Amino acid sequence: MKSVKDSLLQRRSIRRYERETVSDADMNLIYEAIRNTPTSYNGQQFSVIDISDQEVKEKLYALTNQKQIKTCNHFLLFLADYHKIDVLADKKGIDMPQFTHTVDGIIVGVVDATLAMMSAVAMAESLGLGTCCVGYARTVAPEAVSQIVNLPQHTFVVCGLAIGVPRELPDMKPKQPASLVIHHNEYRQDDMAPDLEAYDAEITRYNTTRAGDKTTNDWCGHIISYYREAMKYRMLSALRRRGFDMEH
Ligand SMILES: Cc1cc2nc3c(=O)[nH]c(=O)nc-3n(C[C@H](O)[C@H](O)[C@H](O)COP(=O)(O)O)c2cc1C
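In terms of the numbering used here, the numbers along the sequence shown are unbroken and rise by one, the last being 230.
Following this line, the structure appears as structure tokens:
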């Protein structure tokens, strides 16, 4: 088993997998790590759907065009989930407040599900497995994805996670330096542009020299083009259809 240090510091997204299956013992360790995720109020406002059925994976691939979904061994969908507390509150006759109609209700569910996904990533890495988060599982076709996996109301997909035996070891992507990421005692007050420009140039260098597909993409322009694309997603109406009728 890899150390926590190596699992976190050598992690990179893996998008190609061997046909080999992940053992039940390894999947159970991943489940245990997911279960022990810290959550808001210990409310555990999340659930995971582990998709190992190839037919279901192919359906999700058809919607998202993300190859890693059909080639991975397990595709995990991380959900924000208030359905479970609904069920028990109803059974116990407790009036359920409309927390799902608040932005903080959304944030709580998203934070819990995201931390659970990171628990799974860390455990999978320590077991020598490869992972890739797949946000398209949330954005591309929220209604169709919800139907494929039979989501009840008051749940929604936050992110997908492909897990498999790695078939590649891509170069690690350069990340922003600590001077841009870690602020001490207050948000940095000096001009950040020089550090940002240096990072932008580092990403361009990486993209032109990395193993595999090369591009001349910078960081800033490339990420902003993703934001432009993401402006087309209609998450508010998708969330409303799932029973999250946000008022404040
Ligand atoms: C929330 C989230 C959603 C992501 N969605 C996708 C995706 O849909 N497809 C994909 O190929 N990679 C996806 N990624 C992987 C990122 O592209 C990757 O983490 C990033 O480029 C940094 O590379 P690294 O993970 O190798 O360090 C996603 C990552 C996160 C955290």
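Glycine is no exception: its CB is placed at the ideal position from the N, C-alpha and C atoms.
Treat the numbers as computed from the prediction; the structure is a model and nothing was measured.
In the DSSP assignment, find the beta strand (DSSP E) that holds L58 and state where it starts and stops.
Position 76 of the sequence shown, counted from the start, is the residue given in the question as residue 58. Residues 56 to 63.
Taking only heavy atoms of ligand 1 into account, decide whether any of them is closer than 7 Å to the Cβ of Y188.
As a first step, residue 188 must be located in the sequence shown, where it is residue number 206. Because no heavy atom of ligand 1 lies under 7 Å away, the Cβ of Y188 does not count as near it: no.
Can you tell me where the beta strand (DSSP E) with K145 in it begins and where it stops?
To locate residue 145, count along the sequence shown from 1; it is residue 163. First, the residue type needs correcting, since residue 145 is Ile and not Lys in the sequence shown. First-last of the beta strand (DSSP E) with I145: 137 to 146.
List the whole-angstrom C-beta distance separating F60 from C114, where the pair is believed to meet the contact cut-off of C-beta under 8 Å.
Taking the first residue of the sequence shown as position 1, residue 60 is located at position 78. Taking the first residue of the sequence shown as position 1, residue 114 is located at position 132. Going by Cβ atoms, the distance from F60 to C114 rounds to 13 Å, so no, they are not a contact pair.
At a threshold of 7 Å, does K214 count as lining ligand 1 (C-beta to nearest heavy atom)?
The residue labelled residue 214 in the question sits at position 232 within the sequence shown. Checking every heavy atom of ligand 1 against the Cβ of K214, none is found closer than 7 Å.
Write down the C-beta distance between P148 and Y(-1) rounded to the nearest angstrom, noting that I regard them as a contact closer than 8 Å.
The sequence position of residue 148 within the sequence shown is 166, counting from 1. The sequence position of residue -1 within the sequence shown is 17, counting from 1. So it is a contact: roughly 7 Å between Cβ atoms.
Taking the alpha-carbon of D77 as reference, which of V85, I67, I206 has the nearest alpha-carbon?
For the purposes of this step, residue 77 is identified with residue 95 of the sequence shown, where counting begins at 1. Cα-wise, what sits closest to D77 is I67.
For D(-12), report the span of its alpha helix (DSSP H) as first-last.
Here the question's residue -12 lines up with position 6 in the sequence shown. Its alpha helix (DSSP H) spans residues -14 to -9.
Taking only the alpha-carbon atoms, compute the straight-line gap between N10 and E179 and give it to the nearest angstrom.
Taking the sequence shown and counting its residues from 1, the one referred to as residue 10 is at position 28. Taking the sequence shown and counting its residues from 1, the one referred to as residue 179 is at position 197. Their backbone Cα atoms lie some 44 Å apart in a straight line.
N18: which of G75, T3, A7, A102 sits nearest, CA to CA?
On the sequence shown, residue 18 is found 36 positions in, with the first residue counted as 1. Nearest of G75, T3, A7, A102 to N18, Cα basis: A102.
Within 10 Å of its beta-carbon, does S(-15) have 16 or more other beta-carbons around it, so buried, or fewer, so exposed?
In the sequence shown, counting from the first residue as 1, residue -15 sits at position 3. Result: exposed.
Would you tell me roughly how many angstroms separate the C-alpha atoms of I89 and Y208, rounded to the nearest one?
Here residue 89 refers to the residue found at position 107 of the sequence shown. Here residue 208 refers to the residue found at position 226 of the sequence shown. So the two alpha carbons sit approximately 22 Å from each other.
Between the alpha carbons of I251 and Q158, how many angstroms are there, rounded?
One cannot answer for residue 251 here, as it falls past the ends of the chain, which runs -17 to 230.
Nearest to V116 by alpha carbon, out of A175, E14, R210, Y43?
Numbered from its first residue, the sequence shown carries residue 116 at position 134. Out of A175, E14, R210, Y43, Y43 has the C-alpha closest to the C-alpha of V116.
Would you call N24 buried or exposed, if buried means 16 or more other Cβ atoms sit within 10 Å of its Cβ?
Walking along the sequence shown from the start, residue 24 turns up at place 42. Per the 10 Å Cβ criterion, exposed.
When you compare the CB positions of E40 and K52, do they come within less than 8 Å of one another, or not?
Numbered from 1 along the sequence shown, position 58 holds the residue referred to as residue 40. Numbered from 1 along the sequence shown, position 70 holds the residue referred to as residue 52. It is a contact, given that the beta carbons lie within the stated cut-off.
Could you check where the alpha helix (DSSP H) with G91 kicks off and where it finishes?
Along the sequence shown, one-based indexing puts residue 91 at 109. Looking at the DSSP string, the run of the alpha helix (DSSP H) that includes G91 is 85 to 108.
Just the C-alpha distance for A104 and I16, rounded to the nearest angstrom, thanks.
Counting from one through the sequence shown, the residue named residue 104 turns up at place 122. Counting from one through the sequence shown, the residue named residue 16 turns up at place 34. Taking the straight line joining both Cα atoms gives about 10 Å.
Decide if T137 is buried, meaning its Cβ has at least 16 other Cβ atoms within 10 Å, or exposed.
Residue mapping note: residue 137 aligns to position 155 of the sequence shown, counting from 1. T137 is buried by the Cβ-count criterion.
Taking the alpha-carbon of T232 as reference, which of R(-6), M213, L162 has the nearest alpha-carbon?
Because the chain is modelled from -17 through 230, residue 232 falls outside the range shown and cannot be assessed.
By how many angstroms is the C-alpha of F28 removed from the C-alpha of A98?
Here residue 98 is taken as the residue at index 116 of the sequence shown, counted from 1. Here residue 28 is taken as the residue at index 46 of the sequence shown, counted from 1. C-alpha separation (whole angstroms): 8 Å.
If we ignore side chains and look at the alpha-carbon of each, how far apart do F226 and P79 end up?
Translated into the one-based positions of the sequence shown, residue 226 becomes position 244. Translated into the one-based positions of the sequence shown, residue 79 becomes position 97. Approximately 12 Å between the Cα atoms of the pair.
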